[in-house]
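Engineer: Quick note: the sequence shown uses UniProt numbering, first residue 1, plus one each step.
Before I ask anything, let me first share the structure, which is written out below as structure tokens.
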Amino acid sequence: SNTVGVLLNNGNGIFLTQTTYATGANPYSVAVVDVNSDNKPDIIVANYGSNTVGVLLNNGNGIFLTQTTYATGANPYSVAVVDVNSDN
Numbered sequence: 001s002n003t004v005g006v007l008l009n010n011g012n013g014i015f016l017t018q019t020t021y022a023t024g025a026n027p028y029s030v031a032v033v034d035v036n037s038d039n040k041p042d043i044i045v046a047n048y049g050s051n052t053v054g055v056l057l058n059n060g061n062g063i064f065l066t067q068t069t070y071a072t073g074a075n076p077y078s079v080a081v082v083d084v085n086s087d088n
């Protein structure tokens with residue numbers, strides 16, 4: 001379906017209804033990490049079928065923004081996230 005699903009926990013162990021967000025073609029791997037230093041987990045996805053990595057930023061209330069894509073080589077199938085320039 002070319003989406004990633006998010007189920008938020010309401011605080012008592014029960015999850016809310018899934019919200020889906022559009023990705024590129026054939027999302028294959030997902031990482032959840034704060035990429036913009038706002039202390040909110042963002043979603044990173046390897047879009048295998050569209051040769052991109054997508055970043056969905058968390059706006060702070062459990063909703064993620066439309067993905068921003070970055071071109072990759074052919075068929076990315078995994079993502080690993082690390083701070084390479086020590087800016088947090």
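In this text, a Cβ means the ideal position worked out from N, Cα and C, and glycines have one as well.
Bear in mind that the values here come from a model prediction, so they are computed numbers and not experimental data.
1) Given that a residue counts as buried once 16 or more other Cβ atoms are within 10 Å of its Cβ, and exposed if not, what is Ala80?
2) Could you give the distance in angstroms between the alpha-carbon of Ser29 and the alpha-carbon of Ser50?
3) Please find out if some non-hydrogen atom of the ligand GTP comes closer than 7 Å to the beta-carbon of Asn12.
4) At the level of alpha carbons, what is the spacing between Tyr48 and Thr23?
5) Consult DSSP for Tyr70 and reduce its assignment to one of helix, strand or coil.
6) Grab the span of the beta strand (DSSP E) containing Leu7 for me, first residue to last.
7) Helix, strand or coil, according to DSSP, for Ser78 in the structure here?
8) Measure the C-alpha to C-alpha separation of Thr69 and Ile63 and round it to an integer number of angstroms.
Structural biologist: Checking against the coordinates, here is how it stands:
1) By the 10 Å Cβ count, Ala80 comes out exposed.
2) Spanning the two alpha carbons is a distance of roughly 13 Å.
3) Inclusion of the ligand GTP in the displayed structure is not the case, the ligand content being empty and no account of it being possible.
4) About 10 Å.
5) Reduced to three states, the DSSP call for Tyr70 is strand.
6) Where Leu7 is concerned, there is no enclosing beta strand (DSSP E), given that its DSSP letter is neither H nor E.
7) In the structure shown, Ser78 sits in coil (DSSP, three-state: anything other than H, G, I, E or B).
8) Within the model, the alpha-carbon separation for Thr69 versus Ile63 is close to 18 Å.
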